[in-house]
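Worksheet: one structure, shown below.
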Amino acid sequence: MKIIVAIKQVPERDAQVRIDAAAKWIEESGLQHALNESDAYALEEALQLKEKNGGEVVVLIAGPERVGPTIREALAKGADRAIHIDCADLGKLDALGVARLLAAAIKPESPDLVLTGLQSDDLGQGQTGVILAELLGLPHSSLILHVEKTDAGLTVKRELEEGWFQTIELPAPAVLTIQSGGNKLRYATLMGIKRARSKPVLQVAEAELAIDAAPVVVLERVALPQKQKSTQILSGTPKDAAAALVEKLKFEARVL
Amino acid sequence: MLLLTATLAEPQHFSVAEKLLLVVLVAASAGGFWLRFRVVLNKILRSKKDASFHLFPIGKRVWDFVWEVAFQAKVIRQRPLPGLAHAFVFWGFCAFVLVTLNHFASGFGAGFLDPAGPFGRFYYGFAAVFALACAVGILGLFIRRFVVRPKWLGKELSYQSGFIAFLIFLLMVTYLAAFFVSDADPATRVLWWVHTLALLTFLPIIPHTKHLHLVLSPATVFLSRGGFSRIPPLDGDDDFGLIAGTDLTRLVSLQAYSCVECGRCTEHCPAANTGKLLNPKEVILGLRGYLNDLGPKSEEPLLGKYTPPQVPFQCTTCGACEFQCPVGIEHLPILIGLRRGAVNTGAWEDDHGAKLFLALERGANAHGLPTSERDKFIRRAGLPIFDGTQEYCLWLGCMGGYDPKGREIIADFARVMNYLGASFGVLREEKCCGDPVRRLGNDFVFQQLAEANLKALAQDKVKRVVSICPHCVRTLQEDWKDYGTPPPVEHHSEFLARFADKLPKRSNRRVELSLNEPQPLAANSLARYPREAGANSPHLSKSQPQPPLSTGNEDKIVFHDPCYLGRYRNVYKQPRTVVKLSGELVEAPRNHERSFCCGAGGGLVFLGDETGERIGKVRAAELVATGASVIGTACPFCNSIFRDALAEQGEGAPQLLDIAQLTARGLPVSGAS
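Line by line, the protein sequences give chains A and B.
Adding 2 to a residue's 1-based position in the first sequence gives its number in our numbering.
Adding 80 to a residue's 1-based position in the second sequence gives its number in our numbering.
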């Protein structure tokens, strides 16, 4: 079973994000990057499938040179090889553009399964995986917590609202977008890191893939959310304070 | 005294038959010894070489050898009675070297020590004194082993040990008895032969029993790694720690064969004493069993049949075992080596462990909290950022930066530093020092953290570091050396003790009252630190004065020695100096180098529930039983563990304060409106 896991490098979760001068993107200098969380779960799912069914796990990533450590992390955790689409500025692409890049790299591999995270922690559009399936002409399902290989294809567990789950069957190959939390992530080991050094990383230039990358969705402006929290302390006896609170909830907050 | 005037009797003539018999017996005994000893020696020498071992500087080795082997200082100091008994046996053996050589030489008519000559008379008398002491010593040890039977010697009686004790006793008695007979007396010949046979029987028993320590332990002590819990750097790309026999180094194998099974390690081990599976003695004997059965070239995993896989992960790395071991076994590099083997290969599966590793792979602290939490605390507490102009870099650590109680300790220590006029700043970005991953054997994450931190300290041109956490202190100062040169680091107890003269002394406070000095704090200043001062403790709200907890009498403060400050850093006096400024110091039954761990170390505080009794609870009960009104700590991890343990005690529990807090509550209230 050959599984391709499309992953993304995003700013570290608790990074102090600043907006760049043009207000088109965030200031990248001094920013630490890490593997996108739901992609980490996609990788874990792929590794577990490989441990059960055998085969190969290939990680696919598009991004500038700084994605190197993320590739090594994925290889250290057990991926067999990597494909790096060298793309200096992912920000200039939209989800369709990224999906086209990924699809172009995936096609010659003809995998049995393509996994990717549900959405990225930075833009959070949740589009890339779904568009990728469309471009590859493969069936897809999203919000997946668990994947099982069957004789007929795949059985997957999907997350629905309010703690409901759905189990569906679909043919392979397919594209699945993985939800965080379905598995326990493994930790990186020294042995893994050392072994990763000798694993192949295929470098592909963006131009080589010859796709039409002109964005159809254009990012207009990036802004930090306005701080809107305001705290008022109501003084007086509990009775007066309660009366004042009811007043405010009724006429200022209009929630009663 | 009779011995001073008496002369040792020796048979004057040996027949040819006797001489032949002696040759055969000596050859058989020496041959028996060598055949068995060769096997052991081979296992040790065929083990992997210790890549990081250096014989030089040799001064400390010589000193350790003289102190621990020749003087038997550790043996005696940590267990005075049996230790002294052992020392008498050992010194007796040393005194007997010359006597024994002459004994066999005289059998062939080549005796060189004339019992009647001036030197012979002196030396035999001298040896007789030791023989007497040795006989009494071995009798004492025999009684201890077979009558008193302390539990750490194991449940099974060792008849081998009994037999050896009998042989030693016989050796001494036959020697001493020869002073009471004349040369011509037939009994002299009998005594001579019994002495000879006892000796020749003893020799071949040595290599396959714990008495091998006679031969090996002097070498083991001399060839130590040269530091407490010195974890050797991994050797090349194929070394991931202790996985199989092929990973056992010569030092490890030598140590495994040196164990004398005295059980001092077990006696002091917090895990073994609270119902865990870990027993440090059994770990060492497990390695010996592995070497005996499979040898140092085996690919069989070390964890499994001989040592259950969970055993190394029950170790708090308190180091009591390594500290106590009289034969120079370094348990911590072995236990941590076994962890390294399991963690560096991913064989260790533990949900809590994986969570900790993932938190430190990505984030900056062991709690898995966002770094913005640390930034917020720095702003709220008004801590200055280190900019290269200040004298000290105040290292916050995971506890000081993220834990509510740790933050209180930092805030109070910062107050004391300000009071003393010491300039300091905190790093803008600081990662976990790597202590929990270092001890758990995750070399990958440890290297990442050590390198990132060393870079940050070098960039900011930090000259000195001070920390409230003994784990940080040890890791920064010693363990980071594998990846760079850390600046000098000191623990806040060392810092505070240096300034002891300038800090207010509680009992003198009334005397100190003068116009020029700031108004000293009255007893109600205690109210700022009510019992169980937690994150939301009312001491932050100054509008609600608390009643004084002390009624004017001096506080009785019991100080708990943190493992990483005491045994690891040999700092015992300084925190006590600080404690004494605030009240009357009382000692727990187990103190100084015998201090009993709180259970947090070795990364265990981040792992799941303990099996058996909780170590921290046992220690907290011991501290409470001293009747002290305050438990003084010097480690935020101990503090955190005791906080939980004392919570069960309810209202009657003593106060729990770090030494920085003890000091801070004695400071004048200037500036605090």
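Positions of the beta carbon are idealized from the N, C-alpha and C atoms, including for glycine.
Remember, predicted model here, so these are calculated numbers, not experimental data.
Where residue i and residue j are concerned, what is the direct C-alpha to C-alpha distance, given to the nearest angstrom?
i, j, result
"B:Gln528", "A:Leu251", "51 Å"
"B:Lys129", "A:Leu62", "42 Å"
"B:Ile739", "B:Thr657", "10 Å"
"A:Leu92", "B:Leu449", "29 Å"
"B:Arg745", "B:Arg495", "10 Å"
"B:Leu294", "B:Ile286", "8 Å"
"A:Leu259", "B:Gly375", "Outside the displayed span of chain A (3 to 258) sits residue 259 of chain A, for which this structure offers no information."
"B:Gly514", "B:Met479", "13 Å"
"B:Phe308", "B:Thr713", "22 Å"
"B:Leu161", "B:Lys456", "56 Å"
"A:Ala8", "A:Lys151", "19 Å"
"B:Val227", "B:Pro298", "29 Å"
"B:Leu358", "B:Glu702", "22 Å"
"B:Leu593", "B:Ala668", "In this prediction, B:Leu593 scores a pLDDT of 35, lower than 50, which makes its location untrustworthy; the coordinate-derived value is nonetheless stated afterwards. If you take the alpha carbons of B:Leu593 and B:Ala668, they lie about 34 Å apart."
"B:Asp689", "B:Ile311", "27 Å"
"B:Pro137", "B:Leu303", "12 Å"
"A:Ala84", "A:Gly32", "26 Å"
"B:Phe282", "B:Gly200", "26 Å"
"A:Gln129", "B:Tyr644", "52 Å"
"B:Gly614", "B:Ile223", "Low per-residue confidence applies at B:Gly614: pLDDT is 38, beneath 50, and the placement is therefore not dependable enough to give any value."
"B:Phe113", "B:Pro284", "4 Å"
"B:Gly382", "B:Pro748", "The sequence as given places Leu at residue 382 of chain B; Gly does not occur at that position. Each residue's alpha carbon lies about 59 Å from the other."
"B:Pro392", "B:Leu371", "18 Å"
Let me know if residue i comes out buried or exposed under the rule of 16 or more other beta-carbons within 10 Å of its beta-carbon.
i, result
"A:Phe167", "exposed"
"B:Phe188", "exposed"
"B:His93", "exposed"
"B:Gly505", "buried"
"B:Asp724", "exposed"
"B:Thr387", "buried"
"B:Gln335", "buried"
"B:Tyr482", "buried"
"A:Ala245", "exposed"
"A:Thr233", "exposed"
"B:Cys174", "exposed"
"B:Trp143", "exposed"
"B:Ser662", "buried"
"B:Ala602", "Reliability of the predicted coordinates at B:Ala602 is poor, the pLDDT of 37 falling under 50, and no value is obtained from them."
"B:Thr300", "buried"
Per DSSP, residue i is paired with what?
i, result
"A:Ala207", "A:Asp88"
"B:Leu474", "B:Val546"
"A:Ser143", "A:Leu178"
"A:Ile302", "Outside the displayed range of chain A (3 to 258) lies residue 302 of chain A, so it cannot be described from this structure."
"B:Val638", "B:Val666 and B:Ile711"
"B:Val553", "Bridge partners of B:Val553: none, in fact."
"A:Gln168", "A:Arg160"
Show which residues of chain B have a CB atom less than 8 Å away from the CB atom of residue i.
i, result
"A:Arg188", "Gly426 and Ala434"
"A:Ile195", "Phe524"
Could you name the residues of chain A that residue i contacts, counting a contact when the two beta carbons are closer than 9 Å?
i, result
"B:Val423", "Tyr189, Thr191 and Leu192"
"B:Glu531", "Correct list: empty, because the minimum Cβ distance to chain A is about 13 Å."
"B:Arg723", "Simply none; closest approach about 27 Å."
"B:Asp317", "Lys196 and Arg199"
"B:Asp431", "Lys186"
"B:Phe320", "Thr191, Leu192, Met193 and Lys196"
For a contact defined as C-beta to C-beta under 8 Å, what are the partners of residue i on chain A?
i, result
"B:Ser452", "Asp16 and Gln18"
"B:Phe437", "Tyr189 and Ala190"
"B:Phe249", "Under the 8 Å cutoff, chain A gives no residues; its nearest Cβ is about 53 Å from B:Phe249."
Identify the contact partners of residue i in chain B, using a Cβ-Cβ distance below 7 Å as the criterion.
i, result
"A:Ala36", "Arg442"
Cβ contact check for the segment 213–225 of chain B and the segment 312–329 of chain B: 3 or more pairs under 8 Å:
no
Flag this pair as touching only if the segment 485–494 of chain B and the segment 398–414 of chain B have three or more C-beta atom pairs under 8 Å; answer yes or no.
The way I'd put it, the segment 485–494 of chain B doesn't touch the segment 398–414 of chain B; fewer than three beta-carbon pairs between them come closer than 8 Å.
Quick test of the definition: if touching needs 3 or more C-beta pairs under 8 Å, does the segment 565–583 of chain B touch the segment 671–680 of chain B?
no
Specify whether the segment 24–37 of chain A and the segment 49–61 of chain A touch according to this definition: at least 3 beta carbon pairs, one from each stretch, less than 8 Å apart.
no
For the pair the segment 643–655 of chain B and the segment 365–381 of chain B, tell me if three or more CB-CB distances fall below 8 Å.
no
Is it a yes or a no for the segment 410–419 of chain B touching the segment 359–373 of chain B, going by three-plus beta-carbon pairs under 8 Å?
yes
Between the segment 121–129 of chain A and the segment 36–55 of chain A, do three or more beta carbon pairs fall short of 8 Å?
yes
Please confirm if the segment 219–235 of chain A is in contact with the segment 19–28 of chain A, defined as three or more CB-CB distances below 8 Å between the two stretches.
yes
Pair every Cβ in the segment 421–439 of chain B with every Cβ in the segment 182–190 of chain A, then say whether three or more of these pairs are closer than 8 Å.
yes
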